[in-house]
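Below is one structure; the comments refer to it alone.
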């Protein structure tokens with residue numbers, strides 16, 4: 007949903023006239039703001055990231071063990087790593103890690119992702135219900151004193167903020183069938199993912215194309 011932010015009043019308005027002071031607001035402070043709900047336990051992107059990290063860790067560990075045995079001057083010792091169970095132990099890190107990740111995702115519960123597109127870039131805030139286990143499952147301290155009302159009688163905590171500037175975006179992938187827009191930047195290995203509902207996708211796509219028209223030509 008497009009909104010205009012008035013710095014003087016500190017409020018968002020649905021049009022370019024401030025709902026509090028009546029001042030006409032310039033177009034360059036227009037923001038597109040929306041939110042989506044996400045459950046990490048059922049999110050394929052989260053599982054894909056966890057799998058890649060764990061697989062990389064297993065292979066790197068095995069590589070250094072092989073390298074260490076080879077440096078000693080006895081290549082046969084390196085080959086024995088595959089027969090004495092050492093290699094299998096390294097690769098067992100993958101299923102063991104995925105099981106631990108399953109438990110962590112289950113404890114995290116539901117998240118609310120609040121997205122904002124403005125003249126500077128794309129921003130997202132991740133919120134979750136207040137609770138020590140939910141914070142610890144995200145490897146974060148449980149700052150219960152920072153919890154704020156969520157509008158439904160509960161309390162919610164800000165988990166993280168992420169931003170990608172339009173000037174850093176190097177390529178864009180539009181995925182309307184999945185309700186996603188991927189922004190690739192030079193400073194990130196993984197894309198910055200915009201998750202959108204059907205009624206928000208067209209507007210966000212228009213703003214992304216406008217802001218990233220140079221890299222999308």
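Numbering (my numbering), first residue to last: 7 to 223.
Ideal placement from N, C-alpha and C gives every residue a C-beta, glycine not left out.
Same chain only: Cβ atoms within 7 Å of residue i, ignoring 5 sequence neighbours per side
i	result
residue 115	134, 135 and 140
residue 92	71
Cβ neighbours of residue i in the same chain (closer than 6 Å, five flanking residues each side left out)
i	result
residue 130	119, 121 and 168
Exposure label - residue i; buried when at least 16 CB within 10 Å
i	result
residue 200	buried
residue 195	exposed
residue 187	buried
residue 112	exposed
residue 105	exposed
residue 69	exposed
residue 73	exposed
residue 98	exposed
residue 208	exposed
residue 183	exposed
residue 3	Because the chain here runs from 7 to 223, residue 3 falls outside it and cannot be looked at.
residue 32	exposed
residue 46	buried
residue 27	exposed
residue 94	exposed
Candidates the options: closest to residue i by CA position
i	options	result
residue 53	89, 65 and 107	107
residue 102	165, 59, 87 and 77	59
residue 171	12, 193 and 100	193
residue 185	206, 163 and 176	206
residue 96	65, 211 and 56	65
residue 35	89, 8, 210 and 215	8
residue 173	181, 162, 89 and 217	217
residue 220	178, 132, 63 and 43	178
residue 117	12, 162, 16 and 32	162
residue 149	94, 110, 138 and 85	138
residue 222	180, 210 and 77	180
Residue i vs residue j beta-carbon contact at 8 Å
i	j	result
residue 49	residue 123	no
residue 22	residue 14	no
residue 40	residue 213	no
residue 147	residue 165	no
residue 198	residue 128	yes
Residues bridged to residue i [DSSP beta-bridge criterion]
i	result
residue 5	The requested residue 5 is not part of the displayed model; the chain covers only 7 to 223.
residue 38	8 and 123
residue 166	132
residue 179	188
residue 117	44 and 134
residue 222	Answer is none; residue 222 lacks a bridge partner.
residue 155	161
Neighbourhood of residue i by C-beta, 8 Å cutoff - its chain only, sequence neighbours within 5 removed
i	result
residue 67	96 and 99
residue 55	196
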